[in-house]
Each structure stands twice: as C-alpha cells, then as structure tokens.
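Engineer: Quick one: structure below, then a few questions.
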Amino acid sequence: MSSLVQSVDWLAIAPPTIAAVVGLVVLVADLFVGETRKPLLGWVSVAGLAAATLMLLPLLDADRSTFCLVGDAGVCSYTADRFTLVIQFLVLGGALLAALLSVTALKDAAKRLPEGEYWFLFLSSAAGAALLPASRDLATLVVALEVASLPAFALVGLRQGDRKASEAALKFFLSSVTATAVSLMGISFVYAATGTLHLTLVAERIQNVDGQLDTLAQTGVVLTLIGFAFKTAAVPFHFWVPDTYVGAPLPIAAYLSVIGKAVGFSGLILVTVVALPSYADVWGPALAALAALTMTAGNAGALRQQATRAYSAVRLLAWSSVGQAGYLLVPIAAAAYSDDAERSIGSTLAYALMYGAVNLGAFAVAAVVGRAHRLNRVTDYRGLYASNPLAALLLGFFLLCLAGLPPGIIGLFAKVTVFSAAVDAGLGWLAVVMAVNVVIALVYYLQWTALLFRAPEGEPVKHRLPAPLTAAIALTGVLGVALSGAPQLVLRFTDTALF
Numbered sequence: 374m375s376s377l378v379q380s381v382d383w384l385a386i387a388p389p390t391i392a393a394v395v396g397l398v399v400l401v402a403d404l405f406v407g408e409t410r411k412p413l414l415g416w417v418s419v420a421g422l423a424a425a426t427l428m429l430l431p432l433l434d435a436d437r438s439t440f441c442l443v444g445d446a447g448v449c450s451y452t453a454d455r456f457t458l459v460i461q462f463l464v465l466g467g468a469l470l471a472a473l474l475s476v477t478a479l480k481d482a483a484k485r486l487p488e489g490e491y492w493f494l495f496l497s498s499a500a501g502a503a504l505l506p507a508s509r510d511l512a513t514l515v516v517a518l519e520v521a522s523l524p525a526f527a528l529v530g531l532r533q534g535d536r537k538a539s540e541a542a543l544k545f546f547l548s549s550v551t552a553t554a555v556s557l558m559g560i561s562f563v564y565a566a567t568g569t570l571h572l573t574l575v576a577e578r579i580q581n582v583d584g585q586l587d588t589l590a591q592t593g594v595v596l597t598l599i600g601f602a603f604k605t606a607a608v609p610f611h612f613w614v615p616d617t618y619v620g621a622p623l624p625i626a627a628y629l630s631v632i633g634k635a636v637g638f639s640g641l642i643l644v645t646v647v648a649l650p651s652y653a654d655v656w657g658p659a660l661a662a663l664a665a666l667t668m669t670a671g672n673a674g675a676l677r678q679q680a681t682r683a684y685s686a687v688r689l690l691a692w693s694s695v696g697q698a699g700y701l702l703v704p705i706a707a708a709a710y711s712d713d714a715e716r717s718i719g720s721t722l723a724y725a726l727m728y729g730a731v732n733l734g735a736f737a738v739a740a741v742v743g744r745a746h747r748l749n750r751v752t753d754y755r756g757l758y759a760s761n762p763l764a765a766l767l768l769g770f771f772l773l774c775l776a777g778l779p780p781g782i783i784g785l786f787a788k789v790t791v792f793s794a795a796v797d798a799g800l801g802w803l804a805v806v807m808a809v810n811v812v813i814a815l816v817y818y819l820q821w822t823a824l825l826f827r828a829p830e831g832e833p834v835k836h837r838l839p840a841p842l843t844a845a846i847a848l849t850g851v852l853g854v855a856l857s858g859a860p861q862l863v864l865r866f867t868d869t870a871l872f
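The sequence shown begins at 374 in the working numbering and counts up by one.
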C-alpha cells in the first residue's frame, strides 16, 4: 500500500510562500511598531518581494512539481515550469515596482491609508497571483484567483473617508464576484462531466464524455470562459476598469493594470490550452471576437478622453490597458487554430512582459505628477520636460513603447510578434482589426507625448522625486531601454516548451 504522506518541494513553492509569510510578519509587526516607525513595514515588504523574485533563479534549470496524485507522479496540483516562471517573474517583479510606488504614496497619504493592513493585503494578493500560474487543477486555480482578487478589493477602497474609493471598490467587488460565481458554476459542470479537477486529466476525459453529459460539458466550458473574460477585463466585461483605477490609490491602479491582467490571462491560458484543447472550436472563435471587441472599445474609450477632465491621465491609462488586453487575447485565440499552440502562447507572454515594464513606468511618472497635481489631468503634463527632463523623456519613451513606435523598439517588436501569431494561425481578419487599432492608438499616445515637450503655461512646477519613485522609474526605464536594444531576449525567454 502506497503512503499518503508526501514530501513537499519547498524550493518549487518558495516564491509565493515567501510573499505570504512576509505578509503575515508585517501584519503581526504592525501591532508592535510605533507610528513613527511604520514606514519600516514598507521596506520589509519590498525586501520580501525582492527575495521572492530572486527565488525564481534556482528554478530555471528544470521543471519541478509537487502535491501530486498518489500513484501517479505525472498529475500534480503545482508545477514550476517555464510558463509558471515567466508569469511569476512578471507578477513578483511588477508587485515589487508597485510596492516602491506605494512607499511614497503611503507617506503622502498622511495616515489616511493604514500601513500594516495595506502591506498585508498587498503581499497576500501578490502571493495569490504568484500561485495561480503554477496551479494545475481547477480547485487550486480558483483558490489562487480569489486570494489574488479579494485583497485587491480592500486595497482599492482602503483610503479612509474617500467616497470615490468606496464606490470603485464596490464596483470592482460586484463584477469580480459575479465572474467567480460564473466560473465556479462552469467548473462544477466540467467536474460533473469528467470526474476530475486536474487540468491534464480534464483534457483527456472531456474528449470521451458520455453523450448524456455532452451538453453539460459544453455549458461548463462556456461558463468557465465567461468567468475568466471578466477577470481579463475583456469587453463587454470591462465596465469596472476606469472607475476602479481612478478611485484606487495610484500604486494599486498600476498593480491591477499589470498583475491583475497577468492573473486573468494566465488562468485563461491554463483553462483553454491545457485543460480544454479539444474544445478549441468553441473558445478559439469566442476569444478572437473578444480580442477584436476589446481592443476596439479600449482604444475608442482612450481616444474620447478629454485632456482637461479630472483624472483624465489615469482614465486614459485605464482605457489603454483595456485596449492592450485585446492585443494580449490575440495569440491565445490564435492557439486554437495553430499547429504550434506553445509558440502562440509565447507571443502572449512576450507581449505581457513588455507591457508590464512600460505600463508600470508610465504609472510611476503619473505618480510623480500626481503629487503636485492632485487631479492628474493630461493637461497637467504640459511642459513636463521644462521642469523634469528625465521624467518627461521616460514617459515619452513608455508611451511610444505602448504605441509601438521607435525608439520604443520593444513595443514594436511585441506588436509584430502578436501580429505574426494571428497571421500564422490564418486569422487575417483579426490581424487587420489589430492594425487599424494600432493606428487609432497612435493618436492619443502621440498627443500626450507631444504635450510633454510643449512650452508650459506659466511657471513650470517642480516635481520632487523621492528615492522610491526614482528607483521605480529608473528600473522600468533601464528595462525598457535594454529590451529595445535587444528585443530578441524576451522571445528567447518565452519561446520554450511551456507545458
């Protein structure tokens, strides 16, 4: 009789575990640290996220799995393969940059944001987000998704006495809970039809479902996809994004724009490509249509933003992130039609890494400007070059990367990679829609970039750069410039056997 006791591969689970443990340490330490020393909690959190990110390095050599079925070591609940490591690098690296932004934001908030609770919720969400790409059964996937999402609701509405934040948190909460309910119903139907929750076993058994359960299985597939479409902010499930980004503290908006997307898209990839490849004829056309709708609505929404409207800079970045989500969906849809699904998914990962670096950089500069201009309008960026040349040059670079224009070579490279994935899969119409949307996006990205270098109205406002903000801007700037010089490094990092 085989033993039910398993040894745990602690090295494999180290990245999310470190984030979770540091979160608990910070929560307990908050009880004993005086008000004057509360900023130490932030630096402990930053150090914890840095340590969690560094723990990815020993995992690069080989695939590692743990929490496997007794008697079948090939079916596991946690797998640290190349796909997992790429997403965990994006999640933990992005969380580290958002944490650097948070250190300054908490200092400026004048105690309206409780530091102990903030860092506990932040690290808990990061731990859940890091766990999700390693999940290889539907139960772990849903638990990881909720561990990433539930603290994020609280973080959005954590600012005391702010009605806008409370409204944003409520809207985010209701939409996300609806998505979870729909996903759980879909997953329960899939489980009823297949008798298993492990992704690889679902992929095998769902092809040979009994005729009486065929409709149940199909309904489960559709409901599961709808649930994850909410999480990725795909149209028409995107309505919560602009108000949530505006109401949330700016570092949390940055966190949601990158880490929130990484969570949704990695879950979507695992459900479609790993668990449901035999239903590619269902999810392929659905995701292609969602990609076209999402990029078009996102870019149209960004184009309509009035530069003088309050919080228009954050709203523009929010709508831009919806448009970028459309581009991220293209290779996943292409995987349904392609003979090489792994290469298509590699295109999504490459685009996600580029988007994460430059979008966090744009939010970092927005945080700098927002310290002097509380309403953070696009017009507040006029003449930024006169008062802070480095911030202006980097924001211009980040916006050109998002637009896919030189010198933002990494943005152009990522868009060409996604475009070629659509063409190779025979989705010519989707490639055309994407090309049109890229041209539309050029308008608002270039308008904002041009504004940075125009003569300021009145005396230029000096923008102080605290050390944490400087570090975040410098890290994203160095990463963007380095990858623009050698964009093939991203594709080499992501274009490997993923599953």
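Built from N, CA and C at the ideal position, the CB exists for glycine as well.
If you're wondering where the values come from, they're calculated on a predicted model, not measured in any experiment.
Compare the Cα-Cα distances from L712 to each of G719, D797, F786, G756 and report the closest residue.
Structural biologist: Correcting the residue identity first, residue 712 is Asp in this sequence and not Leu. Among G719, D797, F786, G756, the Cα nearest to that of D712 is on D797.
Engineer: Which term fits N732, buried or exposed, when burial requires 16 or more other beta carbons within 10 angstroms of its beta carbon?
Structural biologist: buried
Engineer: For G799, which of P658, A468, A538 has the nearest alpha-carbon?
Structural biologist: Comparing Cα-Cα distances from G799 to each of P658, A468, A538, the minimum goes to P658.
Engineer: Mapping DSSP to helix, strand and coil, what is L427?
Structural biologist: Reduced to three states, the DSSP call for L427 is helix.
Engineer: Suppose you measure from the CA of P609 to the CA of A686; what does that come to, to the nearest Å?
Structural biologist: 23 Å
Engineer: What do you get for D416, buried or exposed, if any count of 16 or more other CB atoms within 10 angstroms of its CB means buried?
Structural biologist: Rather than Asp, the amino acid found at residue 416 in this sequence is Trp. Under this definition W416 is an exposed residue.
Engineer: Pull up the DSSP beta-bridge partners for Y451, would you.
Structural biologist: T439, S508
Engineer: Using the C-alpha atoms, what's the distance from N581 back to R688?
Structural biologist: 47 Å
Engineer: Going by the CB atoms, is the gap between R827 and G756 shorter than 8 Å?
Structural biologist: yes
Engineer: Do you know how far the Cα of T569 is from the Cα of T390?
Structural biologist: 26 Å
Engineer: S508 to L641, Cα distance in whole Å?
Structural biologist: 12 Å
Engineer: Quick one: what's H746 bridged to in DSSP?
Structural biologist: In DSSP, H746 forms no bridge with anything.
Engineer: Between the alpha carbons of G734 and I632, how many angstroms are there, rounded?
Structural biologist: 14 Å
Engineer: Which partner residues does H611 have in the DSSP bridge list?
Structural biologist: In the DSSP assignment, H611 forms no beta bridge with any residue.
Engineer: Just checking, does the region 700-718 make contact with the region 430-444 on the three C-beta pairs under 8 Å criterion?
Structural biologist: no
Engineer: Any contact between the region 855-865 and the region 487-504? By contact I mean 3 or more CB pairs, one from each, below 8 Å.
Structural biologist: Between the region 855-865 and the region 487-504, the count of C-beta pairs closer than 8 Å stays below three; the two stretches do not touch.
Engineer: Can you list, in chain order, the residues of its chain with a C-beta nearer than 7 Å to that of A627? Leave out the 5 residues immediately preceding and following it.
Structural biologist: A471, L474, L733, F736
Engineer: Would you kindly check if the distance between the Cβ of L422 and the Cβ of L469 is under 8 Å?
Structural biologist: Their beta carbons are under 8 Å apart, which means L469 touches L422 by this criterion.
Engineer: Would you call the CB atoms of A385 and A502 closer than 8 Å?
Structural biologist: no
Engineer: Taking Cβ to Cβ, would you say V529 is nearer than 8 Å to A538?
Structural biologist: yes
Engineer: I'd like the span of the alpha helix (DSSP H) that includes W656, first residue to last.
Structural biologist: 653-676
Engineer: So what's E540 in DSSP terms, helix, strand or just coil?
Structural biologist: helix
Engineer: Excluding sequence positions up to five away, which residues of its chain have a Cβ less than 7 Å from the Cβ of W383?
Structural biologist: Correct list: empty, nothing qualifies.
Engineer: Quick one: Cα of A844 to Cα of F792, how far?
Structural biologist: 33 Å
Engineer: Suppose only complete runs of 3+ residues qualify. What are the beta strand (DSSP E) ranges in the region 749-826, listed by chain order?
Structural biologist: none
Engineer: Start and end of the alpha helix (DSSP H) containing D712?
Structural biologist: Note, D712: premise wrong, no alpha helix (DSSP H); not H, not E.
Engineer: Comparing alpha-carbon positions, which option in D753, S693, K788 lies nearest A723?
Structural biologist: K788
Engineer: What whole-angstrom Cβ distance do G339 and L496 have, given they're in contact under 8 Å?
Structural biologist: Missing from the structure shown is residue 339; the chain here goes from 374 to 872 and no further.
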